[in-house]
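Chemist: So for the sequence shown, the working numbering puts the first residue at 63; every next one is plus one.
Glycine included, C-beta positions come from ideal geometry on N, C-alpha and C.
Structure in structure tokens, see below.
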Amino acid sequence: MTLLALEDVHTYYGEAHVLQGVTLRVGTGEVVTLIGRNGAGKTTTLRSVMGIVAPRAGRIVLEGADLTRLPTHEVARRGIAYVPEERRVLPNLTVLENLRLGMPGAGQTSRADNGALLEEVLTYFPLLRERLTQKGKSLSGGEQQMLAIARGLVARPKLMLVDEPTEGLAPLLVQNLTEILQEINRRGTTILLVEQTLEVALALSHRLYVMDQGRIQFEGTPERLREDPTVQQRFLGV
Ligand SMILES: Nc1ncnc2c1ncn2[C@@H]1O[C@H](COP(=O)(O)OP(=O)(O)OP(=O)(O)O)[C@@H](O)[C@H]1O
Ligand SMILES: [Mg+2]
């Protein structure tokens, strides 16, 4: 079943026509990855879904409901969490305070529910559990990335949009984070991922879209992309 669909989405920054008709779908339960060179439009695609930059044409649909020009908080309320490239961990708040920012607001759930939710999310991130009272700024880059993902998860999203989570991380942490994202997906969260490292993308995804110059140039399984050196050379510079 289709959870999220983009239908011929065109997005501009001022006069610059960045997304030039992006069509893609994410099925319930999938990990779908967008991959492509710097400036291809990957982040703009996620920002378009979140309503951070509104598409000028086309449609974005979540479970049959049109999201296209909804404000960002409304998109979030409908079940999409966004973990941006720049992570945005608040440096002077503790890990726990950062996590609370991602939780459903007062009146929507009880304190006990939020406690259980926090426990559940921390099972993925033992490193964060040991650092709950430390300030955000004291965390390493990898720990901050984990905190950013954990803060998205405490909202219990149907769909998580995660932009380049492994960027700048040491190989061991990349491996660790890959396993965490896999486990999050196995336990029921659908993921639309942006990932520049081909091997990580191939290992994690059910399907991939290769993007170039604001257009989708390839759609298929990891097996198909692995066997397509032309696409790899033309759009990924492999
Ligand atoms: N706020 C902005 N204002 C104007 N142009 C922008 C803005 N953000 C991005 N762009 C341009 O839009 C195009 C797509 O950018 P985008 O950030 O979506 O690419 P990306 O695929 O995420 O690249 P990267 O791999 O470097 O993160 C680029 O040409 C970029 O320069
Ligand atoms: Mg980007």
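(1) Does DSSP classify Thr228 as helix, strand or coil?
(2) Looking only at DSSP bridge pairs, what is Lys197 linked to?
(3) Leaving out five residues on either side along the sequence, give the residues of the same chain with a beta carbon under 7 Å from the beta carbon of Pro166.
(4) Which residue wins for smallest C-alpha separation from Thr251, given the options Val93, Thr85, Arg87, Ile122?
(5) Between Thr156, Asn100, Tyr74, Val88, which has its C-alpha nearest Ser200's C-alpha?
(6) Within a Cβ cutoff of 8 Å, which residues of the same chain sit near Leu152, ignoring the five residues on either side of it in sequence?
(7) By Cβ distance, which residues of its chain are closer than 6 Å to Gln82, with the 5 residues on each side in sequence left out?
(8) Identify every residue that forms a DSSP beta bridge with Arg269.
(9) Examine the Cβ distances between the region 227-241 and the region 201-209 and report whether three or more of them are shorter than 8 Å.
(10) Measuring straight from C-alpha to C-alpha, what distance separates Ser267 and Leu260?
(11) Can you grab the Cα-Cα spacing for the pair Arg286 / Arg296, in whole Å?
(12) Do you know how far the Cα of Val224 is from the Cα of Pro146?
(13) Between Met112 and Leu194, what straight-line distance do the alpha-carbon atoms span, to the nearest angstrom?
(14) With distances taken between CB atoms, is the gap from Ala119 to His72 smaller than 7 Å?
(15) Does Arg150 have its Cβ less than 7 Å from a Cβ in chain C?
(16) If you compare alpha carbons, which of Leu298, Leu65, Glu182, Glu289 is closest to Glu245?
(17) Thinking C-beta only, is Pro227 closer than 7 Å to Leu239?
(18) I'd like the span of the beta strand (DSSP E) that includes Leu68, first residue to last.
(19) Does the Cβ-Cβ distance between Thr95 and Glu257 come in under 7 Å?
(20) Is any heavy atom of ligand 2 found at a distance shorter than 6 Å from the C-beta of Lys220?
Modeler: On the basis of the supplied data:
(1) Locating residue 228 in the sequence shown gives position 166, counting from the first residue. Three-state DSSP puts Thr228 in coil, outside helix and strand.
(2) Here residue 197 is taken as the residue at index 135 of the sequence shown, counted from 1. DSSP lists Thr156 as partners of Lys197.
(3) Position 104 of the sequence shown, counted from the start, is the residue given in the question as residue 166. For Pro166, where only same-chain residues beyond five positions count, the Cβ hits under 7 Å are Ala217.
(4) As a working note, residue 251 is residue 189 in the sequence shown. Checking every option, the nearest Cα to that of Thr251 belongs to Val93.
(5) Indexing the sequence shown from 1 puts residue 200 at position 138. Closest option to Ser200, Cα to Cα, is Thr156.
(6) Position 90 of the sequence shown, counting from 1, holds the residue named residue 152. Excluding residues within five positions, the ones whose Cβ falls inside 8 Å are Glu159, Asn160, Leu163, Gly198.
(7) Within the sequence shown, numbered from 1, the residue matching residue 82 stands at position 20. Gly276, Arg277, listed in sequence order.
(8) Indexing the sequence shown from 1 puts residue 269 at position 207. According to DSSP, Arg269 bridges with Val94.
(9) yes
(10) Numbered from its first residue, the sequence shown carries residue 267 at position 205. Numbered from its first residue, the sequence shown carries residue 260 at position 198. Whole-angstrom Cα-Cα distance: 11 Å.
(11) Residue numbering aside, residue 286 sits at position 224 when the sequence shown is read from its first letter. Residue numbering aside, residue 296 sits at position 234 when the sequence shown is read from its first letter. Computed Cα separation, rounded: 15 Å.
(12) By one-based count along the sequence shown, residue 146 stands at place 84. By one-based count along the sequence shown, residue 224 stands at place 162. Rounded to the nearest angstrom, the two C-alpha atoms are 6 Å apart.
(13) Here the question's residue 112 lines up with position 50 in the sequence shown. Here the question's residue 194 lines up with position 132 in the sequence shown. The straight-line gap from Cα to Cα measures roughly 29 Å.
(14) The sequence position of residue 119 within the sequence shown is 57, counting from 1. The sequence position of residue 72 within the sequence shown is 10, counting from 1. It is a contact, given that the beta carbons lie within the stated cut-off.
(15) Here there is only one protein chain, and chain C is not present.
(16) Sequence index remark: in the sequence shown, residue 245 carries index 183 (1-based). Checked all of Leu298, Leu65, Glu182, Glu289; the closest Cα to Glu245 is Glu182.
(17) Walking along the sequence shown from the start, residue 239 turns up at place 177. Walking along the sequence shown from the start, residue 227 turns up at place 165. Yes. Within cutoff.
(18) The count along the sequence shown starts at 1 and reaches residue 68 at position 6. Here the beta strand (DSSP E) through Leu68 covers 64-75.
(19) If you number the sequence shown from 1, residue 95 lands on position 33. If you number the sequence shown from 1, residue 257 lands on position 195. Result yes, Cβ atoms of Thr95 and Glu257 sit closer than 7 Å.
(20) One-based indexing of the sequence shown puts residue 220 at position 158. No; taking the cut-off as 6 Å, the Cβ of Lys220 has no heavy atom of ligand 2 nearer than that.
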